[in-house]
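Protein sequences appear in the order of chains A, B and C.
Number 675 in the working numbering belongs to position 675 of the first sequence; there are no gaps in the numbering.
In the working numbering, each residue carries its 1-based index in the second sequence increased by 737.
In the working numbering, each residue carries its 1-based index in the third sequence increased by 941.
Ideal Cβ placement from N, Cα and C applies to all residues, glycine included.
The structure displayed is predicted, hence computed values, not measured ones.
Worksheet: one structure, shown below.
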Amino acid sequence: MNWDRRAFVKFAVGAVVGLNASPLVPKLMDDVAIWTQNWSWVPDPETGAVAFAKSINPATQTGVKARLVKARLSGQRVIRVEGDPEHPLSQGGVLAADAAAPQQSYYQAMRVDAPMVRKEGVRGRVAAEEAVQKVAAKLKALAQAGKASQVAIIADDPFSVTGEMLMRLAAAYGTPNLVFMPSAKQTLALAGGLMFGQGDIGFDLANATYTVSFGTPLLEGFGAPVAVRKAFAAWRKDPMHRATLVQVEPRSSVTASQADLWLACKPGTEGVLAYAMANLMIQAGKVDSAAANAAGFEQFKALLAGEYSLEKASQASGVPADKIKAVAEGFMKAPKAVAVCGPGNSGDPGRLFDFMAVLALNAVKGNLGKPGGLVLRQGVAWKALGGPLDLPGAPRLDGGGKRIMGSYSAYDLAAAALKGQPYPLEALIVVGCNPAFAGPQAKVMRQLIDNTPFVACVSEFMDETAELADVVLPKASFLECWGDCATPYGAAQSFYGVHQPLVSALPQTKSAGDWLLAVAKLLGGKAAEALPFAEAKEALAARAEGLGGLEDLAAKGYWMQEKPAYGFSFKTPSGRLELAPSALGKPAAPAAGVAPSKERPLLMAGIPSLRTGAGGAPMSPYQVKILDEITLAHKDQLVVEINPQTAHAMHLGEGDMVEIASAAGKINARLHLYHGAAPGMVFVPVGLGHTAFGMYLKNKGANFFEAVEVAADPGSGLPQWALTPVSIAKAGGVSHV
Amino acid sequence: MATHGKKQDNRSPADWWLFVLGFVLFAAVGFWATPAILYAEKPQPFQFSHKLHMEQVGEGCQSCHAFREDGSYTGIPSLEKCKECHGEEPMGETPEEKVFSKDYVAKNKPIPWQVYSKQPPCVFFSHAAHVANAGLECASCHGDHGDTEKLRTYEYNRLTGYSRDIWGWSLIPLDGPPKRMKMDDCAKCHRDNGVRDACFVCHK
Amino acid sequence: MSSSASEMRFGMVIDVDKCTGCGACSVACMSENNVGVLPDETDKIRSITWLRVYQIDNGQPYPNTQIAFFPRPCQHCAGSQGHHTPCVSVCPATATDRDPKTGIVSQIPTRCIGCRYCVAACPYHARYFNWYDVPWPEGMDKPLSPFVAPRMRGVVEKCTFCFHRYQRAQNKAFTSGEAMGEMDYQTACTEACPSGAITFGDLNNPEHKVHELKKSPYAFRLLERLHTDTAVYYVSAREWVRRQADNYLSGEKLAKVQAGGGH
């Protein structure tokens, strides 16, 4: 045969037909189609057996259960943090911060993933031993030089096992300068201490039928927020028998809007209204016998009749007299009425004046120790970690001895140390909090960190404080380590929650307690003796011994006082209710000094929100997603609220970029005209404007605490920043709609 | 066919053998060479005899591939499951088991089995619906896997990355066993059995 | 009966008077459904929030101002009086459909061709387009749930009433032999809500709580006059809240519009 053109064509056609008779073409086309649907860069999470483990989020005090997936190849991980329906306080509910907790634990860019030491100005990862050695060596050298008292420690929670370990460590080491971040628990303990002789008190919200909340964000971050919501939901359960909620505050907040009645008072006059209502009750002859028999009752009665009459209170607060009267009557008539005080809207610990007015109102009502009233708590019967230690003799930097009951103050410590009065600081150790962001006056705290020769911090996140520290020890998240937290603010029952390690997201992290033990061990001597534990879990187990043992606690997740303890007793020197506490002579005067001036005509207050989170605790990326345009506008601009009338009087309009300046500092923001904002005020979201934490959180909005000006509360002497006088001026920059 | 007697101008039908040759050759390429090029093999970590295990266990397939309490399906058992019977010392004499004991049990390392029936991430498959509810036998989809002494070769598609089991081992639409596991195959079976479902019953 | 009757009709009753706008439902939803996070989430046109909590106010001057919150999942429209589920009727790829068994509107991202017709058709802004691939950097992918496939760029996604939870509940029912109860299938947002504002269940089932709750004289749905026959009811005793559920004229009486018949 000839291999000619024709032959070739025959062969080629045969080949083509043959190929097409095979499934090759459709097969390849199908495979190509499948290939186009492969997104190799989209994660394919490995599946596995689902299990649940109980835990508690100490930041929110929510009892949670972690949903674990035990994957065959990649091991166990937490995919969700959900509510624990069996938890008595949170009953299955969670907060945004709880639901986002896994993200926060696993997202490495936000976390401190290894011990870090600053060498010649540059921070680098080092071995754990080296970092601990560095801290211990510094502390040892200072102690040998007789400068132990010039070491200060700032921590988050005095009631946790870490807090107790720190107290022991500080005392054994020889520094009196251990302070915790300011909290409304301090103010309530003071007010209760002065009036009842005991401060472990709570509000029996779940059983109340008439609740008046004086200036505290009851639905936006009060106590354990989920537990408060459960009480709120119970009030709203039966439309026919709705419990009444009255909110007293200047701004139409979430609580004010959800309340049955909102008393829109002038800023700082919440306590005045509480006294006015107490006065109305006394006038009506509706005084409980305990109050009538109180030490200083006549004095109290006269003071109220004179200074807090309906007319005077109405004038001072700007609330119409009939409204005050209506609430006073409702409160009087309701079988189970309670007046509530708590943290302020700016995240401040509250004014002692307000707290005492609220406690007095409750006493006059006679709800002390009754269902739906003010109750004493049983207390948490944990075992002390060891015998008492002698407190160091040096004077406290925060001037604690001068304040009633010697309460601590991180702000005063910083202010005194910066002045060098009575002495400057040589070293600062920050445990589990972020004062460089949350201040309360952020700049002062940053100055303290800058001016202190050696700063170490134990931190879960690479936050503003960690970024400035010389040594950073990575703290494990609550999903990664053993830890505890005690009774939330205002809860009616004593409570103790335990969390346990469920995952090891970042293997180099340890609990704060474990880092402290490592340092104490190297310090040796008294410090090591004060903390005779091999690991922090042992300390926790020792503490939990009084509560049925750690094993059982961990399985259940909590210990709680069975039911609210009804019945009341006074432990004051007189054995009676003190309405004219001897420490003060008369009910503390209302907060003076915070008033607008010509240069700073507006008062600034915070907008508390469970979306933005509180204090220095960062939001997780998912939380950033739920901020809407009235909190964080397009291109990361912070949005502040102002009353339209106030804005127009200052020739400002919706969307204007403004600079808010106080004596302490300034922030830039975008104006939102909101009818619910009190005239003459500007309201700023709290918790935004981080300069750390990476792409999801850095430079989003501005930090409220940059503009906050801290003053001492005239009653308690505690730092107070509910209101800051500010000026507002149009700033450059384009507002983006 | 003979090729003699050809002439230049004579269009002898005898020349058509070239067509046939082309046809046969390239059809062969399509049928046999393509899979050889398109599919690649991946070795299993070590050999495994389902038959041997079936003789030892009490409850058939369910002994190792079981439903969990929440109704989900374990699929390939975890190392813990293996360790319920196997210790660090081999139970038998096979070299495979020595590898298993030494490299996996002793090191507590999960076994990276190649999974024949692994579906894309967007697929939801419920063993509960098919086995517990519809009463299908394991073998009706997975074939006689449980009776085999050796794991068959795992092949995957070089283009798509999926196991050869999914598209089916035959290149013409002949069905298994093991059964083909493409969407069309699922849909066909559902149709044939009168199950009409929404898309997200199988997609997640 | 509505034009698309289904055996079951899963739906919600959301008590606006209990909602405190804390955002727990929204975050629980994102965490449950592997919703992605972009570096800039202030760009709300590109931000994906299956369950978005909207804030409204009554527009009254100080001190009579009030705010309220509307959590808005996908409304799972059935369509009534000759109207269709708006998104399903326009999808050219059959990437979304309404399940006749559960009444849930599905969305299959891998089938979606990204034309965004459904996004435009949805009156509730419940559908979101993936303009970008989600980065999932440095451990962010670790807590992803294996029960919902993460999406790729170029596709639409939306709330599915946590249908994967229905599937899991069904699995359990199949293997245990016990029928699926009301509490066996609950969405992530319902479980998360700390004030119990969301109730979820089968609207057609008299044994489920939602069946009764939706009959409240204060119950209403969003944009009822579009005849979308949604499966999400809201309840509020406040008239100004109910008024904002639809586009009423200023003088118009707020009449309860009975759309959808059967429900």
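If I follow the unbroken beta strand (DSSP E) through residue i, where does it start and stop?
{"i": "ILE429(A)", "result": "427-431"}
{"i": "PRO685(A)", "result": "681-685"}
{"i": "ASP31(A)", "result": "That residue, ASP31(A), is in no beta strand (DSSP E); its alpha helix (DSSP H) goes 24-36."}
{"i": "PRO474(A)", "result": "471-474"}
{"i": "LYS779(B)", "result": "776-779"}
{"i": "PHE1141(C)", "result": "1139-1143"}
{"i": "PHE454(A)", "result": "454-459"}
Give me the Cα-Cα distance between residue i and residue j, rounded to the nearest whole angstrom.
{"i": "GLN856(B)", "j": "ILE903(B)", "result": "8 Å"}
{"i": "GLU307(A)", "j": "SER253(A)", "result": "29 Å"}
{"i": "MET116(A)", "j": "ALA512(A)", "result": "15 Å"}
{"i": "PRO422(A)", "j": "ALA415(A)", "result": "11 Å"}
{"i": "PHE300(A)", "j": "PRO58(A)", "result": "40 Å"}
{"i": "LYS230(A)", "j": "THR244(A)", "result": "15 Å"}
{"i": "ALA1172(C)", "j": "SER662(A)", "result": "50 Å"}
{"i": "GLY271(A)", "j": "ALA677(A)", "result": "20 Å"}
{"i": "SER257(A)", "j": "ALA410(A)", "result": "34 Å"}
{"i": "TRP769(B)", "j": "GLY14(A)", "result": "17 Å"}
{"i": "PRO915(B)", "j": "SER854(B)", "result": "9 Å"}
{"i": "VAL1046(C)", "j": "GLU833(B)", "result": "50 Å"}
The alpha helix (DSSP H) with residue i in it runs from where to where?
{"i": "GLY759(B)", "result": "754-765"}
{"i": "PHE1011(C)", "result": "Note, PHE1011(C): premise wrong, no alpha helix (DSSP H); beta strand (DSSP E) at 1008-1013."}
{"i": "ILE201(A)", "result": "Where ILE201(A) is concerned, there is no enclosing alpha helix (DSSP H), although the beta strand (DSSP E) it sits in stretches over 201-203."}
{"i": "GLU270(A)", "result": "270-283"}
{"i": "GLU834(B)", "result": "832-836"}
{"i": "LEU1154(C)", "result": "1150-1154"}
{"i": "VAL624(A)", "result": "621-625"}
Please confirm whether residue i has its beta-carbon closer than 8 Å to some beta-carbon of chain C.
{"i": "ALA924(B)", "result": "no"}
{"i": "CYS801(B)", "result": "no"}
{"i": "SER900(B)", "result": "no"}
{"i": "ASN643(A)", "result": "yes"}
{"i": "PRO679(A)", "result": "yes"}
{"i": "SER877(B)", "result": "no"}
{"i": "LEU194(A)", "result": "no"}
{"i": "HIS634(A)", "result": "yes"}
{"i": "ASP390(A)", "result": "no"}
Within the 8 Å Cβ cut-off, does residue i reach chain B?
{"i": "TYR34(A)", "result": "In the sequence on display, residue 34(A) carries Ile and not Tyr. Output row for ILE34(A): interface = yes."}
{"i": "ALA15(A)", "result": "yes"}
{"i": "ARG1109(C)", "result": "yes"}
{"i": "HIS1025(C)", "result": "no"}
{"i": "ALA965(C)", "result": "no"}
{"i": "ASP713(A)", "result": "no"}
Taking 8 Å as the CB-CB limit, is residue i close to chain A?
{"i": "HIS1204(C)", "result": "Low confidence applies to HIS1204(C): its pLDDT is 37, below 50, so where it sits in the model is not reliable, and the reading given next is rough at best. Chain A contact via Cβ: absent."}
{"i": "ASN845(B)", "result": "no"}
{"i": "VAL757(B)", "result": "yes"}
{"i": "ALA869(B)", "result": "no"}
Using 8 Å as the limit for Cβ to Cβ distance, is residue i near chain F?
{"i": "LYS1099(C)", "result": "No chain F appears in the structure shown, which is made up of the protein chains A, B and C."}
(message) What ranges does the alpha helix (DSSP H) occupy inside the region 137-170 of chain A, keeping only unbroken runs of at least 4 residues that lie completely in it?
(response) As far as the region 137-170 of chain A is concerned, it has no whole alpha helix (DSSP H) run of at least 4 residues.
(request) Run through the region 58-142 of chain A for me and flag every whole beta strand (DSSP E) of 3 or more residues, listed as ranges in chain order. (result) Listed in chain order, the complete beta strand (DSSP E) runs (minimum 3 residues) inside the region 58-142 of chain A are 62-71, 75-83, 116-119 and 122-125.
(request) With a floor of 4 residues, list each alpha helix (DSSP H) that falls wholly inside the region 300-346 of chain A, ordered by position along the chain. (result) Taking only runs of at least 4 residues, the alpha helix (DSSP H) segments lying wholly in the region 300-346 of chain A are 310-317 and 321-333.
(request) Pick out the complete beta strand (DSSP E) segments inside the region 642-710 of chain A, 3 residues or longer, and give them in chain order. (result) List check, beta strand (DSSP E) in window: 657-661, 666-673 and 681-685.
(message) Assess contact between the region 1065-1077 of chain C and the region 820-829 of chain B, defined as three or more Cβ pairs (one per stretch) separated by less than 8 Å. Is contact present?
(response) No, they do not touch.
(message) With three or more beta-carbon pairs closer than 8 Å as the criterion, would you say the region 69-76 of chain A touches the region 953-971 of chain C?
(response) Too few Cβ pairs lie closer than 8 Å, so no.
(request) Please specify which runs of the alpha helix (DSSP H), each continuous and at least 4 residues long, are wholly inside the region 349-397 of chain A, giving them in chain order. (result) Entirely contained in the region 349-397 of chain A, the alpha helix (DSSP H) runs reaching 4 residues are, in chain order, 352-365.
(message) Extract the residue ranges of the alpha helix (DSSP H) inside the region 206-269 of chain A, only unbroken runs of 4 or more that lie entirely within it.
(response) The qualifying runs are 225-235 and 254-258.
(message) I want to know whether the region 426-441 of chain A touches the region 459-478 of chain A - three or more CB-CB distances under 8 Å.
(response) With a cut-off of 8 Å, the region 459-478 of chain A and the region 426-441 of chain A count as touching, because enough Cβ pairs lie within range.
(message) For the structure I just gave you, are there three or more beta carbon pairs, one from the region 215-227 of chain A and one from the region 375-388 of chain A, closer than 8 Å?
(response) Flag = no, the region 215-227 of chain A and the region 375-388 of chain A do not touch.
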